[in-house]
Structures are given as C-alpha cells and as structure tokens.
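In the working numbering, the protein residues as written are 5 to 578.
Laid out in structure tokens, this is it:
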C-alpha cells in the first residue's frame with residue numbers, strides 16, 4: 005500500500021459508512037443572525053400573541069407585574085436576563101392552563117433620563133437652568149420614547165412574547181394623572197407634609213436621594229478625635245447643676261469640673277460646624293482620665309482631664325500617643341447635667357453644647373460619646389428633635405442650621421468656613437475637611453487624627469459620594485394616623501406584607517425589616533423631569549391644599565387630574 009506525499013494512504017476507506025451517525029433535517033450551522041428575524045417575522049404573521057390571548061379566554065388569569073427598566077440606553081446583560089426569566093415564567097404559566105398576559109413597561113421619569121439630557125447639554129456648553137422647563141421636559145420625553153422603541157426591538161429579538169404594541173409607561177398622560185391623583189390623596193389624608201430633615205443629597209445631581217437610590221462603596225476617610233471643653237456640670241464652680249431631675253441639694257462635687265474635656269470621634273470632620281450636642285448612653289461606664297505624658301506637639305497636654313468610655317480609653321491613648329491614668333468614676337446619671345462649649349467658639353459658634361442620652365451610642369469604637377450634628381445625620385436629627393422641649397426649657401435654641409448648600413459649599417451658618425467645599429460638582433471631596441481640622445488645631449481642640457477605610461454612600465447613578473444635608477423637602481408620614489382610617493401607612497404596609505405569599509420566604513423578612521425601620525418617605529426631588537407635587541402651600545401658615553376641610557379640594561383634584569390626563573404633567577408648568 006503506497007502513501008502519497010501528504011502522508012495519507014491511497015485508496016483509504018471512508019469509515020463513516022460503517023457508523024450509525026445521527027441524521028437530522030436541521031442545518032449543521034444555526035445561522036441565527038439570519039434565522040431569528042425570520043422566526044420573529046413568522047410569529048408576527050401568525051399573530052402568535054393574539055392567538056395565545058384568544059386561546060386563553062376564560063382561563064384563570066396569571067399576572068406578572070413587570071418591574072420596568074429605565075428607557076435610557078440599550079439593554080444590557082442584567083435587563084436581558086431579567087426579561088428572559090420573566091418570559092420563562094409567563095410562558096410556563098400559559099402552558100399550565102393560565103391566561104398569562106405579559107404587559108411590558110418602562111420607567112421614563114427621574115434621574116437616569118434627565119442625567120443623559122444634562123450630559124448632552126454639558127457637551128454642547130449649554131446651561132440647563134437657562135432652558136425653559138417644558139422645553140427640557142420635551143427633550144426628556146423624546147429621549148425616553150426613542151429608547152423605548154430601541155429596547156422593544158431588542159427584547160423582541162430575544163424572543164420575549166408580550167403585548168409590545170400596548171406597553172405601560174410612567175410618562176403616559178394617564179399614568180401621570182394617576183400619580184398626581186394618588187399624591188393628592190395623601191394630602192387629603194393628612195400624611196403629606198413639608199419639613200426640614202437631613203436627607204442623602206447628591207451634589208453632582210443636585211437632588212435628594214431615597215435609600216433605594218444609594219449604594220455603598222469603600223473609601224478612605226479622615227478621622228478625628230475632638231476635645232469639647234466642659235463649660236459646667238457637677239462641679240464646685242458651676243453656676244448651676246443643669247439636670248433632667250433638678251437636685252434638691254448639692255452633694256459631694258468631685259466628678260466633673262470646668263476645664264475638663266469630653267472626647268468625641270468622627271469620620272466626617274466637615275460636620276463639626278454643624279455640631280449642636282453630644283450623645284451618651286447610660287449603659288456605658290465612663291471615667292475621668294488624667295493625661296500624664298504626651299508625645300505630639302498638638303492635642304492633649306499633660307495635666308488635662310478627659311471624659312471617655314472606660315472600654316475605649318486605651319485605644320484613644322494609643323491613637324494620641326499619650327499615657328492616661330484613671331482618676332474618677334463618672335456615673336452616667338450625672339452626665340446629662342454637663343454643658344460644653346463648642347470647640348470652635350472663637351469663630352462664632354458661641355452656644356452651649358448639651359449632653360443628650362441616645363440609644364444609638366455604643367462602645368464598639370470611638371470614645372463612647374457621639375458628636376451630634378442634627379443637620380447631617382438621621383440619629384442626630386432624631387435625638388435633637390425628641391429633646392426639643394427639654395432644650396427650649398433650658399434656653400438652648402433648637403433650630404437646625406443649614407450649614408451646607410445644595411452645591412456642597414459651606415453657607416453663612418458655618419462661620420469661618422463659608423465658601424469651603426465639602427463635595428464639588430464633580431463628586432470630589434473639597435477643602436472643607438482640611439479647613440475644619442486646621443481650625444481645630446489652632447483652637448487646641450484636636451485630640452488626634454487618622455484615616456479609616458469604610459463603606460460610604462454613593463449615588464447609584466453618578467457613582468459619586470453623597471452627603472447627609474439638612475434641606476426642606478416634602479415627606480409622606482409613615483407613623484401619622486390616616487384621617488378617618490384609624491391606622492398608619494407603616495401599619496398598612498406591614499399588614500400587606502404579612503398577607504402576601506413570598507417566594508422565597510426570606511424575601512418577607514428582608515422587606516419587613518426595611519419597612520419597620522424606614523423613616524418618613526422623602527418624595528421630593530430637585531429635578532425637572534417627573535410628576536410634580538401637585539399641591540399649593542401657604543408660606544405663612546404652612547397649610548397645604550388640597551386638604552380635608554377645604555371646601556374646594558375635590559374640585560381642585562378633579563381639575564388637576566383631568567388636565568394631566570389630557571396634556572400630561574406639562575400642564576402644571578404651562
């Protein structure tokens with residue numbers, strides 16, 4: 005048997021004839037780029053969706069509520085996977101004998117779309133604030149409509165079956181009218197109110213964000229320990245022992261003396277100008293410590309006394325490179341009688357800083373005392389407002405300052421720091437932290453400093469850091485009685501959760517925990533593209549209409565709802 009030059013045997017047998025190979029009418033190559041459009045066109049010609057609906061008439065309905073994607077770009081792996089899984093569920097239910105009519109939808113309002121239009125403006129050198137609002141809204145609507153059409157074809161190309169000719173969109177006139185009508189129901193029930201609270205604020209996007217619009221990323225932050233000088237408390241030179249329970253006599257005075265310092269710790273030095281109180285816990289054991297030696301040129305000095313949680317004293321001493329000796333017990337029941345001076349008093353912070361008991365205070369880290377800036381934190385705000393009457397009785401102004409503006413810059417409510425930048429419009433931390441730390445060093449109030457890597461809230465859209473900032477916003481009360489109903493929105497939500505079957509059941513625990521701890525719902529956004537808050541407010545009395553008891557409320561609600569149904573929410577701005 006001879007061989008050819010290519011190394012193969014001449015006259016070799018074709019062994020495929022001896023094998024039982026599978027045979028199929030399917031082509032060896034799928035050719036999907038060509039065949040998929042043909043298949044979709046065939047489904048269209050057959051009226052597949054309509055035939056499914058006709059065939060399912062009279063059956064038990066199965067409804068999948070489509071949590072919609074944003075109409076702001078091409079679909080991606082996440083949106084594709086989401087739609088395919090929903091399609092599998094709907095098709096399986098249809099095959100199990102249900103009438104499973106899938107109606108797709110799109111979220112068309114809010115930051116994602118407005119952000120895209122603003123990006124276009126920035127690239128063209130245009131200022132959004134100089135564009136008439138309805139012109140801007142028209143561009144947002146056109147942008148959303150364009151991407152609905154693109155995404156619809158992309159989802160259809162994936163083979164997803166649904167009522168693609170009649171989707172729901174949040175920007176349809178009917179939807180906008182319904183949203184406005186539901187909002188005015190909250191006003192009529194007495195749950196809608198305008199208040200001033202610290203909210204998560206995106207400087208980049210110039211708007212408040214709800215918790216669901218925030219994600220956490222790891223960053224490195226400066227940390228500082230700050231000395232608050234005791235003005236008076238239980239001590240021999242005190243003008244008065246200020247306490248929640250006024251004493252009938254002045255017992256042994258050895259615990260707190262003017263000249264001592266209470267030590268706090270924070271990862272946000274820029275919030276020190278917003279400080280109005282210090283929080284403590286009665287469950288923590290505190291001590292009075294003498295500074296015996298100190299290595300640094302700044303910070304604690306030998307001979308000074310500081311008050312700190314016993315469990316954290318060694319850690320504080322190590323950070324500041326000092327040695328401490330415990331000299332006295334400081335019973336927590338006496339701490340509420342202390343008032344401190346603000347460490348930056350000479351810059352204009354000339355007010356007393358009271359000690360307030362708070363459940364949020366722990367001894368896991370820090371000093372056992374918590375710096376409390378009611379305009380920059382939820383716990384801070386809650387403890388300050390809960391003690392409002394107590395503060396007023398003792399001549400302490402309970403007003404919460406607006407220390408940071410919407411542009412992330414210190415206002416005149418932060419004397420000595422006005423114009424310093426907390427976060428700029430690019431999402432970068434500015435010079436505010438350094439300015440505050442420098443001022444604390446000059447005031448001999450900085451105990452120690454360091455850095456900490458920790459999770460920090462960021463806008464899910466811009467991916468930039470956000471801040472807690474005291475701003476006037478519109479809220480829906482979670483725990484206020486609904487007029488004429490005898491329960492609250494939180495109670496209704498929790499009841500609805502308990503009456504719903506959850507698959508998997510772990511989802512019920514998660515959302516129950518979220519609703520149990522959810523603060524009042526901030527619904528306002530400092531944006532142009534969305535459904536406006538359709539109420540009128542008396543700036544003098546703060547009364548809102550429509551409201552219960554206002555004679556023309558029903559007429560007003562009907563007029564607004566009808567206008568939105570005919571013209572969309574643009575009617576509000578016409």
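Cβ coordinates follow ideal geometry from the N, Cα and C atoms, glycine included.
Just verifying my parser: in three-state terms, what is the DSSP assignment at residue i?
i: residue 228; result: strand
i: residue 568; result: helix
i: residue 254; result: Bear in mind that the predicted position of residue 254 carries a pLDDT of just 48, short of 50, making it unreliable; the figure below should be weighed with that in mind. Correct three-state label for residue 254: coil.
i: residue 550; result: coil
i: residue 315; result: helix
i: residue 193; result: coil
i: residue 591; result: No information on residue 591 is available, as it lies outside the stretch 5 to 578 that the chain covers here.
i: residue 205; result: strand
i: residue 184; result: helix
i: residue 414; result: strand
i: residue 172; result: strand
i: residue 233; result: strand
i: residue 178; result: helix
i: residue 239; result: Any reading at residue 239 needs caution, since the residue's pLDDT is 45, under 50, leaving its predicted position unreliable; the model's value is listed next. Three-state DSSP puts residue 239 in coil, outside helix and strand.
i: residue 544; result: coil
i: residue 17; result: coil
i: residue 245; result: Unreliable positioning characterises residue 245 in this predicted model, as indicated by a pLDDT of 35, which lies under 50. A coordinate reading is not provided.
i: residue 448; result: coil
i: residue 526; result: strand
i: residue 97; result: helix
i: residue 408; result: strand
i: residue 368; result: coil
i: residue 394; result: helix
i: residue 143; result: helix
i: residue 259; result: With a pLDDT of only 49 at residue 259, under 50, the local geometry of the prediction cannot be trusted, and no value is derived from it.
i: residue 106; result: coil
Rounded to whole angstroms, what's the CA-CA distance from residue i to residue j? Just pull it up for me.
i: residue 214; j: residue 529; result: 9 Å
i: residue 240; j: residue 332; result: Note on residue 240: pLDDT 41, under 50, position unreliable in the model; the coordinate value appears next. C-alpha separation (whole angstroms): 16 Å.
i: residue 272; j: residue 512; result: 35 Å
i: residue 44; j: residue 92; result: 17 Å
i: residue 233; j: residue 287; result: 23 Å
i: residue 367; j: residue 313; result: 7 Å
i: residue 326; j: residue 315; result: 16 Å
i: residue 30; j: residue 165; result: 24 Å
i: residue 249; j: residue 394; result: Note that residue 249 scores a pLDDT of 38, beneath 50, so its modelled location is shaky; the value from the coordinates is reported in the next line. Residue 249 and residue 394: Cα-Cα distance of roughly 11 Å.
i: residue 305; j: residue 448; result: 10 Å
i: residue 168; j: residue 102; result: 20 Å
i: residue 431; j: residue 149; result: 30 Å
i: residue 495; j: residue 478; result: 21 Å
i: residue 337; j: residue 203; result: 33 Å
i: residue 55; j: residue 94; result: 15 Å
i: residue 25; j: residue 19; result: 11 Å
i: residue 387; j: residue 201; result: 13 Å
i: residue 402; j: residue 446; result: 28 Å
i: residue 63; j: residue 518; result: 36 Å
i: residue 424; j: residue 566; result: 48 Å
Could you tell me which of the options sits nearest to residue i, measuring between CA atoms?
i: residue 40; options: 162, 133, 131; result: 162
i: residue 572; options: 178, 17, 105, 85; result: 178
i: residue 79; options: 480, 298, 151, 575; result: 151
i: residue 144; options: 51, 20, 115; result: 115
i: residue 351; options: 277, 224, 23, 383; result: 277
i: residue 539; options: 196, 16, 77, 85; result: 196
i: residue 269; options: 339, 363, 181, 455; result: 455
i: residue 444; options: 349, 426, 104; result: 349
i: residue 320; options: 231, 62, 365, 347; result: 231
i: residue 220; options: 565, 460, 498; result: 460
i: residue 308; options: 279, 267, 436, 339; result: 267
i: residue 371; options: 406, 401, 322; result: 322
i: residue 468; options: 90, 457, 481, 428; result: 428
i: residue 275; options: 418, 463, 72, 310; result: 418
i: residue 399; options: 391, 51, 134; result: 391
i: residue 76; options: 491, 524, 155; result: 155
i: residue 224; options: 404, 297, 510, 457; result: 457
Check whether the stretch 483-492 and the stretch 438-455 touch, using three or more Cβ-Cβ pairs below 8 Å as the test. no
Below 8 Å, how does it come out for the stretch 464-473 and the stretch 373-383: are there three or more Cβ pairs, yes or no? They touch, by the three-pair rule.
Quick check: the stretch 396-413 against the stretch 201-213, are at least 3 beta-carbon pairs closer than 8 Å? Yes: at least three Cβ pairs fall under 8 Å.
Okay, do the stretch 355-371 and the stretch 327-346 touch, 3+ Cβ pairs below 8 Å being the bar? yes
Could you pull out every unbroken beta strand (DSSP E) segment of at least 3 residues lying fully inside the stretch 327-389, listed in chain order? 343-345, 356-361, 374-376
Within the chosen definition, does the stretch 179-198 reach the stretch 551-559 through at least 3 CB pairs nearer than 8 Å? Verdict: yes, contact present.
Between the stretch 103-112 and the stretch 58-68, can you find at least three pairs of beta-carbon atoms closer than 8 Å? yes
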